[in-house]
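Numbering (the working numbering), first residue to last: 25 to 466. All C-beta atoms in this analysis are idealised placements derived from N, C-alpha and C, irrespective of residue type, glycine included. In this text, all values refer to a predicted model and were calculated from it rather than measured experimentally.
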Amino acid sequence: MQLFANPQTLRNEIINLSVSCGLEKPCYTRMLDYTIKLFESQGLGKDYYGYHNITHELEVTYVSMIVLNWKSILNNVRPDDFKYLYAAALFHDFDPQKSVDKPHEDNVIRFLTHDGSVKQLCHDAELDLNIVKALILRTTYPWGGKLKERAEKQIQECFNESPITKDNPQMQEYFMKLGWLLSIIDRVSGYALGDFGKAMDMAKKNAHALAWHPSFIVKRSVAYFEDLLNDEAEMCETVLRALPKHMRKNFMDTVTGFLNLRQQEIKIQSDYLYENLRLVPKIESMKIRDDSDFVKTLVEIYNELPMPLQFDREHFERTMRDTKTILNTLRLGSSDGPIIGFAKGGPIENYILRPEIIDENYGKNNTVFLEPIALKMGYWGLRGGSEMRHLFTMQAHSMNYKYLTSFALRDVIQKRVDGHEKAEFVTKFDPERWDYYRIDLT
25 MQLFANPQTL RNEIINLSVS CGLEKPCYTR MLDYTIKLFE SQGLGKDYYG
75 YHNITHELEV TYVSMIVLNW KSILNNVRPD DFKYLYAAAL FHDFDPQKSV
125 DKPHEDNVIR FLTHDGSVKQ LCHDAELDLN IVKALILRTT YPWGGKLKER
175 AEKQIQECFN ESPITKDNPQ MQEYFMKLGW LLSIIDRVSG YALGDFGKAM
225 DMAKKNAHAL AWHPSFIVKR SVAYFEDLLN DEAEMCETVL RALPKHMRKN
275 FMDTVTGFLN LRQQEIKIQS DYLYENLRLV PKIESMKIRD DSDFVKTLVE
325 IYNELPMPLQ FDREHFERTM RDTKTILNTL RLGSSDGPII GFAKGGPIEN
375 YILRPEIIDE NYGKNNTVFL EPIALKMGYW GLRGGSEMRH LFTMQAHSMN
425 YKYLTSFALR DVIQKRVDGH EKAEFVTKFD PERWDYYRID LT
(Lines of atoms letter the chains of each structure in order from A; the text may use other names.)
(Lines give C-alpha, C1' and ligand atoms only; values in the text may rest on other atoms or scores of the structure.)
Protein backbone atom coordinates (compact mmCIF):
# COMPACT_ATOMS: atom_id res chain seq x y z
CA MET A 25 0.00 0.00 0.00
CA GLN A 26 1.10 3.56 -0.64
CA LEU A 27 2.25 5.04 2.64
CA PHE A 28 0.65 8.41 2.03
CA ALA A 29 -2.56 8.54 0.05
CA ASN A 30 -3.04 12.28 -0.32
CA PRO A 31 -1.12 15.58 -0.42
CA GLN A 32 -2.56 16.75 2.90
CA THR A 33 -1.02 13.80 4.75
CA LEU A 34 2.31 14.36 3.02
CA ARG A 35 2.15 18.07 3.84
CA ASN A 36 1.70 17.39 7.55
CA GLU A 37 4.56 14.87 7.62
CA ILE A 38 6.85 17.27 5.76
CA ILE A 39 6.12 20.00 8.31
CA ASN A 40 6.86 17.65 11.22
CA LEU A 41 10.13 16.48 9.71
CA SER A 42 11.25 19.93 8.61
CA VAL A 43 10.78 21.27 12.14
CA SER A 44 12.94 18.45 13.50
CA CYS A 45 15.59 19.56 10.97
CA GLY A 46 15.55 23.10 12.38
CA LEU A 47 13.32 24.52 9.65
CA GLU A 48 10.63 25.80 11.98
CA LYS A 49 10.16 29.34 10.60
CA PRO A 50 6.65 29.98 9.19
CA CYS A 51 8.11 30.82 5.78
CA TYR A 52 8.83 27.12 5.14
CA THR A 53 5.19 26.18 5.67
CA ARG A 54 4.10 29.08 3.46
CA MET A 55 6.51 27.85 0.79
CA LEU A 56 4.99 24.38 1.02
CA ASP A 57 1.39 25.62 0.90
CA TYR A 58 2.09 27.95 -2.02
CA THR A 59 3.48 25.05 -4.05
CA ILE A 60 0.48 22.83 -3.31
CA LYS A 61 -2.01 25.60 -4.11
CA LEU A 62 -0.33 26.51 -7.39
CA PHE A 63 -0.08 22.93 -8.64
CA GLU A 64 -3.69 22.16 -7.77
CA SER A 65 -4.97 25.39 -9.33
CA GLN A 66 -3.28 24.37 -12.60
CA GLY A 67 -4.94 20.93 -12.62
CA LEU A 68 -1.77 19.18 -11.47
CA GLY A 69 -3.13 17.76 -8.24
CA LYS A 70 -3.20 14.12 -7.20
CA ASP A 71 -5.83 13.27 -9.85
CA TYR A 72 -3.73 14.55 -12.74
CA TYR A 73 -2.78 11.64 -14.99
CA GLY A 74 0.92 12.26 -15.27
CA TYR A 75 4.03 11.38 -13.32
CA HIS A 76 5.03 14.93 -12.35
CA ASN A 77 2.06 15.99 -10.23
CA ILE A 78 1.93 17.53 -6.76
CA THR A 79 2.22 14.11 -5.14
CA HIS A 80 5.62 13.54 -6.77
CA GLU A 81 6.79 17.00 -5.69
CA LEU A 82 5.78 16.32 -2.09
CA GLU A 83 7.17 12.78 -2.04
CA VAL A 84 10.61 14.08 -3.04
CA THR A 85 10.42 16.78 -0.35
CA TYR A 86 9.28 14.27 2.27
CA VAL A 87 12.10 11.83 1.53
CA SER A 88 14.58 14.73 1.49
CA MET A 89 13.49 15.54 5.04
CA ILE A 90 13.91 11.91 6.07
CA VAL A 91 17.45 11.96 4.68
CA LEU A 92 18.23 15.20 6.56
CA ASN A 93 17.03 13.55 9.80
CA TRP A 94 19.52 10.70 9.30
CA LYS A 95 22.25 10.98 11.93
CA SER A 96 25.07 10.45 9.42
CA ILE A 97 23.92 13.21 7.03
CA LEU A 98 26.17 15.74 8.76
CA ASN A 99 29.05 14.04 6.94
CA ASN A 100 27.52 15.31 3.69
CA VAL A 101 25.41 18.38 4.43
CA ARG A 102 25.93 21.32 6.77
CA PRO A 103 22.87 22.06 8.96
CA ASP A 104 22.80 25.65 7.69
CA ASP A 105 22.19 24.27 4.20
CA PHE A 106 19.26 22.00 5.08
CA LYS A 107 17.00 24.82 3.90
CA TYR A 108 18.52 24.62 0.42
CA LEU A 109 17.70 20.94 0.02
CA TYR A 110 14.18 21.61 1.31
CA ALA A 111 13.50 24.43 -1.15
CA ALA A 112 15.15 22.71 -4.12
CA ALA A 113 13.20 19.50 -3.46
CA LEU A 114 9.93 21.41 -3.20
CA PHE A 115 10.57 23.44 -6.37
CA HIS A 116 12.52 20.90 -8.45
CA ASP A 117 9.68 20.27 -10.94
CA PHE A 118 8.05 23.65 -10.42
CA ASP A 119 6.59 24.05 -13.90
CA PRO A 120 2.84 24.52 -13.27
CA GLN A 121 2.24 26.01 -16.72
CA LYS A 122 3.91 23.13 -18.56
CA SER A 123 2.78 22.01 -22.00
CA VAL A 124 4.09 18.45 -21.53
CA ASP A 125 4.24 16.30 -18.41
CA LYS A 126 8.02 16.05 -18.06
CA PRO A 127 9.18 19.41 -16.70
CA HIS A 128 11.90 21.13 -18.68
CA GLU A 129 14.54 22.50 -16.34
CA ASP A 130 14.70 25.75 -18.35
CA ASN A 131 10.99 26.30 -17.73
CA VAL A 132 11.41 25.56 -14.02
CA ILE A 133 14.28 28.03 -13.68
CA ARG A 134 12.41 30.67 -15.69
CA PHE A 135 9.32 30.32 -13.49
CA LEU A 136 11.33 30.52 -10.27
CA THR A 137 13.23 33.56 -11.54
CA HIS A 138 10.12 35.55 -12.43
CA ASP A 139 7.58 34.44 -9.82
CA GLY A 140 7.29 37.20 -7.24
CA SER A 141 5.92 34.91 -4.53
CA VAL A 142 8.83 32.48 -4.85
CA LYS A 143 11.35 35.31 -4.62
CA GLN A 144 9.66 36.68 -1.51
CA LEU A 145 9.50 33.24 0.12
CA CYS A 146 13.19 32.67 -0.58
CA HIS A 147 13.99 36.11 0.86
CA ASP A 148 12.02 35.30 4.02
CA ALA A 149 13.96 32.03 4.38
CA GLU A 150 17.28 33.82 3.75
CA LEU A 151 17.88 31.66 0.69
CA ASP A 152 20.05 32.55 -2.27
CA LEU A 153 17.80 31.65 -5.21
CA ASN A 154 20.86 31.05 -7.39
CA ILE A 155 21.89 28.13 -5.17
CA VAL A 156 18.36 26.70 -5.26
CA LYS A 157 18.38 26.89 -9.06
CA ALA A 158 21.80 25.24 -9.26
CA LEU A 159 20.59 22.29 -7.16
CA ILE A 160 17.50 21.91 -9.35
CA LEU A 161 19.57 21.98 -12.54
CA ARG A 162 21.68 19.13 -11.14
CA THR A 163 18.55 16.93 -11.14
CA THR A 164 18.59 16.97 -14.96
CA TYR A 165 18.08 13.40 -16.14
CA PRO A 166 19.74 11.65 -17.79
CA TRP A 167 22.93 13.29 -16.51
CA GLY A 168 25.04 12.87 -19.62
CA GLY A 169 25.74 14.13 -23.11
CA LYS A 170 24.36 17.46 -24.26
CA LEU A 171 21.81 17.60 -21.43
CA LYS A 172 24.63 17.46 -18.89
CA GLU A 173 26.77 19.99 -20.77
CA ARG A 174 23.91 22.46 -20.95
CA ALA A 175 23.00 22.01 -17.29
CA GLU A 176 26.62 22.38 -16.16
CA LYS A 177 26.89 25.66 -18.08
CA GLN A 178 23.72 26.99 -16.44
CA ILE A 179 24.87 25.80 -13.00
CA GLN A 180 28.15 27.66 -13.43
CA GLU A 181 26.22 30.82 -14.29
CA CYS A 182 24.24 30.40 -11.04
CA PHE A 183 27.44 29.88 -9.05
CA ASN A 184 28.96 33.01 -10.57
CA GLU A 185 25.91 35.02 -9.53
CA SER A 186 25.96 33.82 -5.91
CA PRO A 187 28.31 35.37 -3.33
CA ILE A 188 28.34 31.98 -1.60
CA THR A 189 29.98 30.17 -4.52
CA LYS A 190 31.54 32.86 -6.72
CA ASP A 191 35.27 32.23 -7.14
CA ASN A 192 35.00 29.41 -4.59
CA PRO A 193 35.63 26.00 -6.25
CA GLN A 194 35.31 24.18 -2.92
CA MET A 195 31.79 25.50 -2.28
CA GLN A 196 30.82 24.87 -5.89
CA GLU A 197 31.88 21.24 -5.56
CA TYR A 198 29.96 20.98 -2.28
CA PHE A 199 26.70 22.23 -3.77
CA MET A 200 27.15 20.05 -6.86
CA LYS A 201 27.29 17.07 -4.54
CA LEU A 202 24.20 18.31 -2.71
CA GLY A 203 22.45 18.56 -6.08
CA TRP A 204 23.51 15.00 -6.85
CA LEU A 205 21.97 13.91 -3.55
CA LEU A 206 18.69 15.60 -4.56
CA SER A 207 18.84 13.96 -7.99
CA ILE A 208 18.97 10.48 -6.44
CA ILE A 209 16.24 11.29 -3.92
CA ASP A 210 14.12 12.50 -6.85
CA ARG A 211 14.42 9.10 -8.55
CA VAL A 212 14.15 6.90 -5.46
CA SER A 213 11.43 8.55 -3.38
CA GLY A 214 8.21 7.42 -5.07
CA TYR A 215 9.41 3.82 -5.36
CA ALA A 216 10.30 3.73 -1.66
CA LEU A 217 6.91 4.98 -0.50
CA GLY A 218 4.69 2.15 -1.66
CA ASP A 219 4.37 -1.40 -2.91
CA PHE A 220 4.98 -2.79 -6.39
CA GLY A 221 1.47 -1.81 -7.48
CA LYS A 222 2.29 1.84 -6.83
CA ALA A 223 5.63 1.44 -8.58
CA MET A 224 3.98 -0.01 -11.68
CA ASP A 225 1.43 2.80 -11.73
CA MET A 226 4.29 5.33 -11.55
CA ALA A 227 6.11 3.57 -14.38
CA LYS A 228 2.97 3.64 -16.54
CA LYS A 229 2.47 7.33 -15.85
CA ASN A 230 6.09 8.05 -16.70
CA ALA A 231 5.76 6.06 -19.92
CA HIS A 232 2.65 8.05 -20.74
CA ALA A 233 4.48 11.32 -20.06
CA LEU A 234 7.30 10.34 -22.40
CA ALA A 235 4.92 8.90 -25.04
CA TRP A 236 6.44 5.42 -24.77
CA HIS A 237 4.62 2.43 -26.13
CA PRO A 238 3.53 0.19 -23.21
CA SER A 239 5.91 -2.51 -24.47
CA PHE A 240 8.85 -0.35 -23.29
CA ILE A 241 7.65 0.14 -19.70
CA VAL A 242 9.36 -2.83 -18.06
CA LYS A 243 12.48 -2.82 -20.24
CA ARG A 244 13.23 0.84 -19.61
CA SER A 245 12.31 0.59 -15.93
CA VAL A 246 14.95 -2.12 -15.52
CA ALA A 247 17.51 0.10 -17.26
CA TYR A 248 16.48 2.98 -14.99
CA PHE A 249 17.14 1.00 -11.82
CA GLU A 250 20.36 -0.51 -13.14
CA ASP A 251 21.63 2.99 -13.82
CA LEU A 252 20.79 4.05 -10.27
CA LEU A 253 22.32 1.02 -8.55
CA ASN A 254 25.40 0.68 -10.76
CA ASP A 255 26.39 3.94 -12.41
CA GLU A 256 25.41 6.09 -9.43
CA ALA A 257 26.05 3.52 -6.72
CA GLU A 258 27.85 5.84 -4.28
CA MET A 259 25.06 8.37 -3.85
CA CYS A 260 22.30 5.81 -4.26
CA GLU A 261 23.71 3.79 -1.36
CA THR A 262 23.91 6.97 0.72
CA VAL A 263 20.24 7.71 0.15
CA LEU A 264 19.09 4.13 0.73
CA ARG A 265 21.05 3.88 4.00
CA ALA A 266 19.28 7.03 5.20
CA LEU A 267 15.82 5.52 4.69
CA PRO A 268 13.90 3.41 7.23
CA LYS A 269 14.15 -0.33 6.70
CA HIS A 270 10.62 -0.72 5.33
CA MET A 271 11.27 1.97 2.70
CA ARG A 272 14.52 0.32 1.61
CA LYS A 273 12.60 -2.93 1.30
CA ASN A 274 9.90 -1.26 -0.82
CA PHE A 275 12.52 0.06 -3.19
CA MET A 276 14.43 -3.21 -3.55
CA ASP A 277 11.20 -5.19 -3.91
CA THR A 278 10.31 -2.89 -6.78
CA VAL A 279 13.67 -3.48 -8.45
CA THR A 280 13.27 -7.24 -8.07
CA GLY A 281 9.68 -7.06 -9.34
CA PHE A 282 10.68 -5.31 -12.55
CA LEU A 283 13.59 -7.71 -13.10
CA ASN A 284 11.21 -10.67 -12.77
CA LEU A 285 8.71 -9.07 -15.15
CA ARG A 286 11.48 -8.47 -17.67
CA GLN A 287 12.46 -12.14 -17.58
CA GLN A 288 8.82 -13.07 -18.22
CA GLU A 289 8.66 -10.62 -21.12
CA ILE A 290 11.77 -12.06 -22.72
CA LYS A 291 10.31 -15.56 -22.46
CA ILE A 292 7.01 -14.42 -24.04
CA GLN A 293 8.79 -12.59 -26.86
CA SER A 294 11.02 -15.58 -27.48
CA ASP A 295 8.03 -17.89 -27.78
CA TYR A 296 6.32 -15.44 -30.11
CA LEU A 297 9.35 -15.04 -32.39
CA TYR A 298 9.82 -18.78 -32.71
CA GLU A 299 6.13 -19.21 -33.59
CA ASN A 300 5.39 -21.09 -30.40
CA LEU A 301 2.95 -18.42 -29.37
CA ARG A 302 -0.28 -17.51 -31.19
CA LEU A 303 -2.45 -14.56 -30.20
CA VAL A 304 -6.06 -15.10 -31.23
CA PRO A 305 -8.65 -12.27 -31.10
CA LYS A 306 -12.18 -13.52 -30.44
CA ILE A 307 -15.68 -12.05 -30.34
CA GLU A 308 -17.22 -13.32 -27.13
CA SER A 309 -20.83 -14.54 -26.93
CA MET A 310 -23.34 -13.17 -24.46
CA LYS A 311 -23.43 -16.58 -22.78
CA ILE A 312 -19.76 -16.54 -21.82
CA ARG A 313 -19.95 -12.86 -20.88
CA ASP A 314 -22.38 -13.93 -18.15
CA ASP A 315 -19.92 -16.50 -16.77
CA SER A 316 -18.51 -15.46 -13.38
CA ASP A 317 -15.02 -16.87 -14.07
CA PHE A 318 -14.87 -15.04 -17.39
CA VAL A 319 -15.89 -11.78 -15.70
CA LYS A 320 -13.33 -12.31 -12.93
CA THR A 321 -10.54 -12.81 -15.48
CA LEU A 322 -11.38 -9.60 -17.30
CA VAL A 323 -11.62 -7.65 -14.05
CA GLU A 324 -8.09 -8.78 -13.13
CA ILE A 325 -6.75 -7.55 -16.49
CA TYR A 326 -8.82 -4.37 -16.20
CA ASN A 327 -7.24 -3.64 -12.82
CA GLU A 328 -3.80 -3.53 -14.45
CA LEU A 329 -4.83 -0.35 -16.28
CA PRO A 330 -3.88 2.93 -14.57
CA MET A 331 -6.87 4.33 -12.67
CA PRO A 332 -7.54 7.24 -15.07
CA LEU A 333 -7.92 4.72 -17.91
CA GLN A 334 -10.49 2.62 -16.07
CA PHE A 335 -13.69 4.02 -17.55
CA ASP A 336 -16.95 3.40 -15.70
CA ARG A 337 -15.16 1.33 -13.08
CA GLU A 338 -18.18 1.21 -10.77
CA HIS A 339 -20.32 -0.48 -13.42
CA PHE A 340 -17.66 -2.51 -15.23
CA GLU A 341 -19.12 -5.94 -14.51
CA ARG A 342 -22.67 -4.89 -15.29
CA THR A 343 -21.74 -3.30 -18.63
CA MET A 344 -20.03 -6.52 -19.71
CA ARG A 345 -23.45 -8.20 -19.63
CA ASP A 346 -25.14 -5.36 -21.54
CA THR A 347 -26.13 -6.40 -25.09
CA LYS A 348 -25.14 -2.92 -26.33
CA THR A 349 -21.58 -3.44 -25.14
CA ILE A 350 -19.08 -4.54 -27.79
CA LEU A 351 -16.48 -6.90 -26.41
CA ASN A 352 -13.71 -9.01 -27.84
CA THR A 353 -10.80 -10.75 -26.17
CA LEU A 354 -7.27 -11.82 -27.02
CA ARG A 355 -6.59 -15.45 -26.23
CA LEU A 356 -3.37 -17.38 -26.04
CA GLY A 357 -2.78 -20.27 -28.42
CA SER A 358 -6.34 -20.79 -29.66
CA SER A 359 -9.86 -19.39 -29.46
CA ASP A 360 -10.34 -21.38 -26.25
CA GLY A 361 -6.97 -20.46 -24.74
CA PRO A 362 -6.27 -18.27 -21.70
CA ILE A 363 -7.44 -14.66 -21.97
CA ILE A 364 -4.60 -12.12 -21.96
CA GLY A 365 -6.46 -8.96 -23.04
CA PHE A 366 -9.70 -7.41 -24.20
CA ALA A 367 -11.24 -4.50 -26.07
CA LYS A 368 -14.53 -3.10 -24.76
CA GLY A 369 -16.86 -0.22 -25.52
CA GLY A 370 -20.40 0.86 -26.26
CA PRO A 371 -22.64 3.80 -27.15
CA ILE A 372 -20.98 7.10 -26.28
CA GLU A 373 -24.14 8.10 -24.42
CA ASN A 374 -23.33 5.43 -21.81
CA TYR A 375 -20.14 7.24 -20.75
CA ILE A 376 -19.31 10.35 -18.76
CA LEU A 377 -16.23 11.79 -20.43
CA ARG A 378 -14.15 14.80 -19.49
CA PRO A 379 -16.21 18.01 -19.31
CA GLU A 380 -13.89 19.73 -21.82
CA ILE A 381 -15.08 17.32 -24.53
CA ILE A 382 -17.90 18.58 -26.70
CA ASP A 383 -18.76 15.78 -29.11
CA GLU A 384 -21.17 16.97 -31.75
CA ASN A 385 -22.52 13.43 -32.15
CA TYR A 386 -23.42 12.91 -28.49
CA GLY A 387 -27.12 12.05 -28.31
CA LYS A 388 -27.42 11.03 -31.96
CA ASN A 389 -26.87 7.30 -31.18
CA ASN A 390 -24.40 6.99 -34.06
CA THR A 391 -21.10 6.82 -32.17
CA VAL A 392 -19.40 4.00 -30.30
CA PHE A 393 -16.77 4.69 -27.65
CA LEU A 394 -13.77 2.34 -27.39
CA GLU A 395 -12.33 2.17 -23.89
CA PRO A 396 -8.52 1.91 -23.55
CA ILE A 397 -7.27 -1.50 -24.68
CA ALA A 398 -6.40 -3.78 -21.76
CA LEU A 399 -3.51 -6.26 -22.02
CA LYS A 400 -1.55 -8.22 -19.48
CA MET A 401 1.98 -6.95 -18.93
CA GLY A 402 4.43 -8.80 -21.15
CA TYR A 403 2.13 -9.04 -24.16
CA TRP A 404 2.39 -5.46 -25.39
CA GLY A 405 4.25 -4.97 -28.66
CA LEU A 406 3.14 -8.24 -30.24
CA ARG A 407 0.33 -6.55 -32.23
CA GLY A 408 -2.39 -8.13 -30.08
CA GLY A 409 -3.74 -4.69 -29.13
CA SER A 410 -3.95 -3.63 -32.78
CA GLU A 411 -5.79 -6.81 -33.72
CA MET A 412 -8.37 -6.29 -30.99
CA ARG A 413 -8.86 -2.68 -32.01
CA HIS A 414 -9.40 -3.65 -35.65
CA LEU A 415 -11.84 -6.39 -34.63
CA PHE A 416 -13.71 -3.89 -32.43
CA THR A 417 -13.93 -1.51 -35.40
CA MET A 418 -15.39 -4.28 -37.55
CA GLN A 419 -17.95 -5.08 -34.86
CA ALA A 420 -18.92 -1.40 -34.60
CA HIS A 421 -19.29 -1.17 -38.38
CA SER A 422 -21.51 -4.25 -38.45
CA MET A 423 -23.76 -2.59 -35.85
CA ASN A 424 -24.18 0.41 -38.17
CA TYR A 425 -22.27 2.92 -36.10
CA LYS A 426 -21.07 5.86 -38.17
CA TYR A 427 -18.26 6.92 -35.84
CA LEU A 428 -15.83 5.48 -33.31
CA THR A 429 -14.22 7.64 -30.64
CA SER A 430 -11.54 6.90 -28.09
CA PHE A 431 -8.46 8.28 -26.34
CA ALA A 432 -4.84 7.73 -27.38
CA LEU A 433 -1.45 9.42 -27.22
CA ARG A 434 -1.21 12.37 -29.57
CA ASP A 435 1.55 10.85 -31.71
CA VAL A 436 -0.47 7.65 -32.15
CA ILE A 437 -3.53 9.59 -33.28
CA GLN A 438 -1.44 11.67 -35.66
CA LYS A 439 -0.18 8.51 -37.35
CA ARG A 440 -3.79 7.42 -37.84
CA VAL A 441 -4.69 10.84 -39.22
CA ASP A 442 -1.75 10.68 -41.64
CA GLY A 443 -2.44 7.05 -42.56
CA HIS A 444 -5.33 5.31 -44.26
CA GLU A 445 -7.77 5.64 -41.35
CA LYS A 446 -10.35 8.42 -41.55
CA ALA A 447 -9.28 9.80 -38.19
CA GLU A 448 -9.43 13.30 -36.72
CA PHE A 449 -8.67 15.02 -33.43
CA VAL A 450 -11.74 16.13 -31.50
CA THR A 451 -10.17 17.52 -28.32
CA LYS A 452 -6.50 17.85 -27.36
CA PHE A 453 -5.34 17.88 -23.75
CA ASP A 454 -2.14 19.45 -22.47
CA PRO A 455 0.07 18.54 -20.78
CA GLU A 456 -1.16 14.94 -20.88
CA ARG A 457 -1.22 14.72 -24.71
CA TRP A 458 -3.72 11.92 -24.16
CA ASP A 459 -6.25 13.16 -26.70
CA TYR A 460 -9.81 12.38 -27.73
CA TYR A 461 -10.23 11.44 -31.38
CA ARG A 462 -12.85 10.23 -33.88
CA ILE A 463 -12.77 7.72 -36.72
CA ASP A 464 -15.31 7.84 -39.54
CA LEU A 465 -16.61 4.30 -40.08
CA THR A 466 -18.70 5.05 -43.16
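DSSP state of residue i mapped onto helix, strand, coil
{"i": "Glu-185", "result": "helix"}
{"i": "Arg-102", "result": "coil"}
{"i": "Ile-364", "result": "strand"}
{"i": "Ser-359", "result": "coil"}
{"i": "Pro-371", "result": "strand"}
{"i": "Asn-352", "result": "strand"}
{"i": "Thr-137", "result": "helix"}
{"i": "Ala-112", "result": "helix"}
{"i": "Phe-393", "result": "strand"}
{"i": "Tyr-248", "result": "helix"}
{"i": "Leu-153", "result": "helix"}
{"i": "Thr-429", "result": "strand"}
{"i": "Glu-11", "result": "Past the boundaries of the shown model lies residue 11; the chain is included only from 25 to 466, so the question cannot be answered."}
{"i": "Lys-388", "result": "coil"}
{"i": "His-147", "result": "helix"}
{"i": "Met-423", "result": "coil"}
{"i": "His-80", "result": "helix"}
{"i": "Asn-93", "result": "coil"}
{"i": "Cys-6", "result": "What the structure shows of the chain is the stretch from 25 to 466, and residue 6 is not part of that stretch, so it cannot be assessed."}
{"i": "Tyr-58", "result": "helix"}
{"i": "Thr-347", "result": "coil"}
{"i": "Glu-8", "result": "This structure gives no information on residue 8, because the portion of the chain shown stretches from 25 to 466."}
{"i": "Gly-467", "result": "What the structure shows of the chain is the stretch from 25 to 466, and residue 467 is not part of that stretch, so it cannot be assessed."}
{"i": "Tyr-403", "result": "coil"}
{"i": "Phe-118", "result": "coil"}
Same chain, Cβ closer than 6 Å to residue i, neighbours up to 5 away in sequence not counted
{"i": "Arg-434", "result": "Arg-457, Asp-459"}
{"i": "Thr-349", "result": "Thr-343, Gly-370"}
{"i": "Glu-395", "result": "Phe-335, Lys-368, Gly-369"}
{"i": "Phe-318", "result": "Ile-312"}
{"i": "Arg-272", "result": "Leu-264"}
{"i": "Leu-161", "result": "Glu-129, Ala-175, Gln-178, Ile-179"}
Minimum Cβ-Cβ distance from residue i to chain C less than 9 Å
{"i": "Arg-434", "result": "Annotation note: the requested chain C is absent from the structure, which comprises a single protein chain."}
Cβ pair residue i, residue j closer than 9 Å
{"i": "Asp-464", "j": "Lys-426", "result": "yes"}
{"i": "Leu-109", "j": "Leu-136", "result": "no"}
{"i": "Val-474", "j": "Phe-282", "result": "Only positions 25 to 466 of the chain appear in the structure, and residue 474 is not among them; the question remains open."}
{"i": "Tyr-165", "j": "Leu-171", "result": "yes"}
{"i": "His-80", "j": "Gly-214", "result": "yes"}
{"i": "Arg-265", "j": "Ser-96", "result": "yes"}
{"i": "Phe-393", "j": "Leu-428", "result": "yes"}
{"i": "Val-279", "j": "Leu-301", "result": "no"}
{"i": "Ile-90", "j": "Pro-31", "result": "no"}
{"i": "Ile-372", "j": "Tyr-386", "result": "yes"}
{"i": "Val-156", "j": "Val-212", "result": "no"}
{"i": "Met-344", "j": "Leu-377", "result": "no"}
{"i": "Tyr-403", "j": "Ser-430", "result": "no"}
{"i": "Met-259", "j": "Ile-208", "result": "yes"}
{"i": "Thr-132", "j": "Phe-115", "result": "The displayed chain sequence assigns Val, not Thr, to residue 132. In this structure, Phe-115 lies closer than 9 Å to Val-132 by Cβ."}
{"i": "Leu-151", "j": "Tyr-86", "result": "no"}
{"i": "Asn-274", "j": "Ala-216", "result": "yes"}
{"i": "Leu-56", "j": "Ile-38", "result": "yes"}
{"i": "Glu-380", "j": "Thr-466", "result": "no"}
Residues bridged to residue i (per DSSP)
{"i": "Glu-448", "result": "Arg-462"}
{"i": "Tyr-52", "result": "According to DSSP, which records beta bridges pairwise, Tyr-52 is partnered with nothing at all."}
{"i": "Ser-398", "result": "Residue 398 is actually Ala in this sequence, not Ser. DSSP lists Phe-366 as partners of Ala-398."}
Cβ shell of residue i (< 7 Å), same chain only, five flanking positions each side left out
{"i": "Arg-54", "result": "Leu-145"}
{"i": "Lys-400", "result": "Ile-325, Glu-328, Ile-364, Gly-365"}
{"i": "Pro-103", "result": "Gly-46"}
{"i": "Pro-362", "result": "Arg-355, Leu-356"}
{"i": "Gln-334", "result": "Tyr-326"}
{"i": "Glu-64", "result": "Ile-78"}
{"i": "Ile-437", "result": "Ala-447, Phe-449, Asp-459, Tyr-461"}
Same chain, Cβ closer than 8 Å to residue i, neighbours up to 5 away in sequence not counted
{"i": "Glu-411", "result": "Leu-303, Pro-305, Leu-354"}
{"i": "Asp-225", "result": "Pro-330, Met-331"}
{"i": "Val-101", "result": "Leu-92, Leu-109, Leu-202, Leu-205"}
{"i": "Pro-268", "result": "Ile-90"}
{"i": "Lys-228", "result": "Pro-238, Ile-241, Pro-330"}
{"i": "Leu-285", "result": "Val-242, Met-401, Gly-402"}
Within the stretch 281 to 342, note down every full alpha helix (DSSP H) run reaching 4 residues or more, in order along the chain. Secondary structure in the stretch 281 to 342: the alpha helix (DSSP H) runs of 4 residues or longer, each lying completely within the stretch, are 310 to 313, 316 to 326 in chain order.
What are the start and end residues of each continuous alpha helix (DSSP H) run of 4 or more residues lying completely inside the stretch 157 to 217, in chain order? Taking only runs of at least 4 residues, the alpha helix (DSSP H) segments lying wholly in the stretch 157 to 217 are 169 to 185, 193 to 216.
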